[in-house]
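S.K.: The sequence shown runs -20 to -1, 1 to 118 under mature numbering (1 follows the signal peptide of the UniProt record, and there is no 0). Positions of the beta carbon are idealized from the N, C-alpha and C atoms, including for glycine.
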Amino acid sequence: MFRAILLGALVAVSVVPAMAADVARGEARVTTIFDHPLPSVPGKSLRGVLVEYGPGGSSPSHTHAASAFITATVIEGAVRSRINDGPEKVFRVGESFVEMPGDHHGVSANASDVEPSKLLAVFVVDTADRVLTTPDRP
């Protein structure tokens, strides 16, 4: 079932129209691409977030909504990630990682200073949680 959901999410990303402008060097763009209540799990929703990094781009360290279980799949380029006190790892196209509720995402960045990268983050989250990401520093 989860594989079917993830496959559907990846197909959804493939048909999202190209953005008008590329993400600038050192920058990141985050776009919610779907948000659907889960009919068989009252109070929970499935949300898809496309994270695009320009060359050398990154996101500030952060946490997510306390209810959020996240699986992230790299769909272009390569992404560096570190969860909690774990090692920093590089994930390439087709590779995935998960974030459990309460995890701290210390590093989320493009692994390249030359090419862009993208990942699809799929959240299972309480429907009432509207803020998905909270940076460590405002």
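I'd like to check one pair, Phe103 with Phe49: are the Cβ atoms closer than 9 Å?
M.R.: Walking along the sequence shown from the start, residue 49 turns up at place 69. Walking along the sequence shown from the start, residue 103 turns up at place 123. The answer is yes: Cβ separation under 9 Å.
S.K.: Less than 9 Å separating the beta-carbons of Ser76 and Val54?
M.R.: As a working mapping, residue 76 is identified with position 96 in the sequence shown. As a working mapping, residue 54 is identified with position 74 in the sequence shown. Cβ atoms of Ser76 and Val54: closer than 9 Å.
S.K.: In angstroms, rounded to a whole number, what distance separates the CA positions of Leu99 and Ile63?
M.R.: As a first step, residue 99 must be located in the sequence shown, where it is residue number 119. As a first step, residue 63 must be located in the sequence shown, where it is residue number 83. So the alpha carbons of these two residues sit roughly 16 Å apart.
S.K.: Going along the chain, which residues of its own chain have a beta-carbon closer than 7 Å to the beta-carbon of Val(-10), five neighbours each way excluded?
M.R.: One-based indexing of the sequence shown puts residue -10 at position 11. The predicted model places Val(-10) with a pLDDT of 48, which falls under 50 and marks its position as unreliable; any figure quoted below should be read in that light. Cβ within range, chain order: n/a, list empty.
S.K.: Using a Cβ-Cβ cut-off of 6 Å (strictly less than) and excluding sequence neighbours within five positions of Val73, which residues of its own chain qualify?
M.R.: Position 93 of the sequence shown, counted from the first residue, corresponds to residue 73. Same-chain partners within the cutoff: Val54.
S.K.: With H, G and I counted as helix, E and B as strand and the rest as coil, what does DSSP make of Ser76?
M.R.: Against the sequence shown, residue 76 aligns to sequence position 96. If DSSP states are grouped into helix, strand and coil, Ser76 belongs with the strands.
S.K.: Leaving out the 5 sequence neighbours to the left and right, which residues in its chain are closer than 6 Å to Leu(-15) when beta-carbon positions are compared?
M.R.: For the purposes of this step, residue -15 is identified with residue 6 of the sequence shown, where counting begins at 1. Note that Leu(-15) has pLDDT 49, beneath the 50 cutoff, so the model's placement of it is unreliable and no number is given.
S.K.: Give me the Cβ distance between Ser97 and Gly66, rounded to the nearest whole Å; I'm assuming they're in contact under 8 Å.
M.R.: The residue given as residue 97 occupies position 117 in the sequence shown. The residue given as residue 66 occupies position 86 in the sequence shown. Actually they are not in contact, since the Cβ atoms of Ser97 and Gly66 sit about 20 Å apart, beyond 8 Å.
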